[in-house]
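*Asks:* The letter at position 208 of the sequence shown is residue 208 when you use this note's numbering, and the numbering goes up by one with no holes.
Using N, Cα and C, we set each Cβ at its ideal position, and we do this for glycine too.
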Amino acid sequence: MSTIHSIATRLRQGVRHLLTGAAAAGLVASIAATPALAQSAAPEAPKELRIGYQKNGTLVILKARGTLEKRLADKGVSVKWTEFPFGPPLLEAINVGSLDVGTTGEAPPIFAQAAGADLVYVGNEPPAPTAEALVVPKDSQIKSVADLKGKKIAVAKGSNANYLLIKLLEKAGLKFTDVSVVYLAPADARAAFESGRVDAWSIWDPFLAAAEKQLGARVLADGKGAVANHQFYLAARGFAEKHPDIVHILLDEIAKIDQWGKQNPKEVARFIAPLIGIELPVVELAAQRLTYGVKPVTDEVLAQQQKVADTFAELKLVPKHVRVADAAWKNSRK
């Protein structure tokens, strides 16, 4: 009996040992797996931040100064810059996944949303209504916006100048259908304007300043009293939601450049001119109309954007009604 009891005791001890070892092994395995799970839950920083910019504004200076690259280097993130002639193709690049963030005027995001682009407003500069205008050749007999009835007007479709044209015609008592609108990209529009194939041109800086300085173009009306003309920073929704820290770093660096630009307006022109390949007098004129001070996009600004969207929808220039609030960024610092 004693032998049997001894064997039974050893068996019970062995079972307890096995169970304890298994539990410990399971605990160790669980602890070992936890960091991997936590790591997979936290998104890794992107290897590259892809930015779209245009020939004017803060991003041109930011690109040249390289401060963003230095700031992101600690995170192992490089920066790729791509220049665009105007807003719509830039936002299309965001839509198809070729860019992460970019800057445009107020109308392009409306067209992009209407086309199904999943983007968000991450910031905006203060209004700059004088940085876009409706111009005519210096020897034109047209003296007012009302005189444009039945005339040909060049404008880039879906651009902020497209909205400007609508509002200026409205202010002069004309309908959009009272004029013949010729949709052309800035370079083609300038050629048409210079050759006399169009009677007027709705355009923004620095193309506006170039038309004034180089062609003697005469301003019929600018955006003052008609449009706000905000400059917006937009991002692909997926990128902004996955990497809000990267977007905030970008906005912080933009804010620093804005502060420098506001305090050194003359230096801005001298700095930008060689970067964009435009002569200094043209850039000086455009720089005078720049505004600085990037801010989070407020409900008030989104409401102004909704008016832009409603205007394009009423004229059937976009295929469907756009709800601008759907593109608000939930990670905005307000």
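1. With respect to the alpha helix (DSSP H) encompassing ASP222, which residues constitute its N-terminal and C-terminal limits?
2. Suppose you measure from the CA of THR298 to the CA of ASP326; what does that come to, to the nearest Å?
3. Have a look at the DSSP bridge pairing and note the partners of VAL79.
4. Taking TYR292 as part of the alpha helix (DSSP H), name the residues at either end of that continuous run.
5. Extract the residue ranges of the beta strand (DSSP E) inside the stretch 182-260, only unbroken runs of 3 or more that lie entirely within it.
6. Once the 5 residues before and after LYS63 are set aside, which same chain residues still bring their CB inside 7 Å of it?
7. Would you mind sorting PRO186 into buried or exposed? The rule is 16 or more other CB atoms within 10 Å of its CB.
8. Excluding the 5 residues flanking ALA221 on each side, which residues of the same chain have their C-beta closer than 7 Å to its C-beta?
9. Going by DSSP, what residue range makes up the beta strand (DSSP E) through GLU132?
10. Thinking C-alpha only, which one of VAL322, ALA45 and ASN162 is nearest ALA303?
11. Extract the residue ranges of the beta strand (DSSP E) inside the stretch 110-168, only unbroken runs of 3 or more that lie entirely within it.
12. For GLY87, which three-state DSSP category applies?
13. Which residue marks the beginning of the alpha helix (DSSP H) containing THR311, and which one marks its end?
14. How many angstroms separate the CA atom of VAL318 from the CA atom of SER202?
15. At what residues does the beta strand (DSSP E) containing VAL179 begin and finish?
16. Going along the chain, which residues of its own chain have a beta-carbon closer than 6 Å to the beta-carbon of PRO281, five neighbours each way excluded?
17. If we call anything under 8 Å between Cβ atoms a contact, is PHE232 one with ASN124?
18. Around the Cβ of THR104, are there at least 16 other Cβ atoms within 10 angstroms (buried) or fewer (exposed)?
19. What does the alpha-carbon distance come out to for the pair SER30 and LEU250?
20. Tell me the residue span of the alpha helix (DSSP H) that contains VAL268.
21. To the nearest angstrom, how far is the alpha carbon of ASN95 from that of LEU49?
22. Where does the unbroken alpha helix (DSSP H) through VAL101 begin, and where does it stop?
23. Alpha carbon to alpha carbon, how far is ARG65 from VAL268?
24. Thinking C-alpha only, which one of GLY277, PRO109 and VAL198 is nearest GLY87?
25. Using a threshold of 8 Å, state whether the C-beta atoms of THR58 and ASP310 are closer than that.
26. Roughly how many angstroms lie between the CA atoms of PRO137 and TRP260, to the nearest whole one?
27. Leaving out five residues on either side along the sequence, give the residues of the same chain with a beta carbon under 7 Å from the beta carbon of LYS295.
28. Does DSSP classify ALA172 as helix, strand or coil?
29. Residues in its own chain within less than 8 Å of SER159 by CB, not counting five upstream and five downstream?
30. Measuring alpha carbon to alpha carbon, tell me which of ILE278, ALA192 and ASN331 ends up nearest ASN56.
31. Give me, in chain order, the residues of the same chain whose beta-carbon lies closer than 7 Å to that of GLU253; leave out the 5 immediate sequence neighbours on both sides.
32. Along the chain, where does the alpha helix (DSSP H) containing VAL60 start, and where does it finish?
33. Taking just the CA atoms, how far does VAL247 sit from VAL120?
*Replies:* From the atom records:
1. Counting along the chain, no alpha helix (DSSP H) covers ASP222; the unbroken beta strand (DSSP E) around it starts and ends at 218-222.
2. Approximately 13 Å between the Cα atoms of the pair.
3. Note: VAL79 sits in a beta bridge opposite LEU49.
4. Taken as a continuous stretch (DSSP letters only), TYR292 belongs to no alpha helix (DSSP H), as it is neither H nor E.
5. As far as the stretch 182-260 is concerned, its whole beta strand (DSSP E) runs of at least 3 residues are 200-204, 218-222 and 232-236.
6. Take LYS63, set aside five residues on each side of it, and the residues of its chain with a beta-carbon closer than 7 Å to its own are TYR53 and TRP81, in chain order.
7. Answer is buried; the Cβ neighbour count reaches 16.
8. Hits under 7 Å: ALA133, LEU134, VAL145 and LEU168.
9. Start and end: 132-136.
10. Between ALA303 and the set VAL322, ALA45 and ASN162, the nearest pair of CA atoms involves VAL322.
11. DSSP runs (the beta strand (DSSP E)) wholly in the stretch 110-168: 119-124, 132-136 and 152-155.
12. Three-state DSSP puts GLY87 in a helix.
13. Element bounds for THR311: 299-314.
14. Taking C-alpha positions only, VAL318 is separated from SER202 by approximately 19 Å.
15. Per DSSP, VAL179 belongs to no beta strand (DSSP E) and is neither H nor E.
16. Result list for PRO281: LYS213, in chain order.
17. When the beta-carbon positions are compared, PHE232 and ASN124 come within less than 8 Å of each other.
18. Buried, since its Cβ has 16 or more Cβ neighbours within 10 Å.
19. Annotation note: pLDDT 40 at SER30 (below 50); position unreliable, coordinate value reported separately. SER30 and LEU250 have their C-alpha atoms spaced approximately 39 Å apart.
20. Looking at the DSSP string, the run of the alpha helix (DSSP H) that includes VAL268 is 265-276.
21. So the two alpha carbons sit approximately 15 Å from each other.
22. For VAL101, no alpha helix (DSSP H) encloses it; the enclosing beta strand (DSSP E) starts and ends at 101-104.
23. The alpha-carbon atoms of ARG65 and VAL268 are separated by roughly 12 Å.
24. Between GLY87 and the set GLY277, PRO109 and VAL198, the nearest pair of CA atoms involves PRO109.
25. Not a contact, by the Cβ cut-off of 8 Å.
26. If I take the Cα positions, the gap works out to 36 Å.
27. Result list for LYS295: GLY123 and ASN124, in chain order.
28. In the three-state DSSP reduction, ALA172 falls in the coil class, being neither helix nor strand.
29. Cβ neighbours of SER159 beyond the five flanking positions: PHE86, GLY87, PRO88, GLY105, ALA107, PRO108 and TRP204.
30. Of the candidates ILE278, ALA192 and ASN331, the one whose C-alpha sits nearest the C-alpha of ASN56 is ILE278.
31. If we look at GLU253 and ignore the five residues flanking it on each side, its Cβ neighbours are LEU62, THR67, LEU68 and ARG71.
32. For VAL60, the enclosing alpha helix (DSSP H) stretches over residues 58-65.
33. Answer to the nearest angstrom: the Cα atoms are 11 Å apart.
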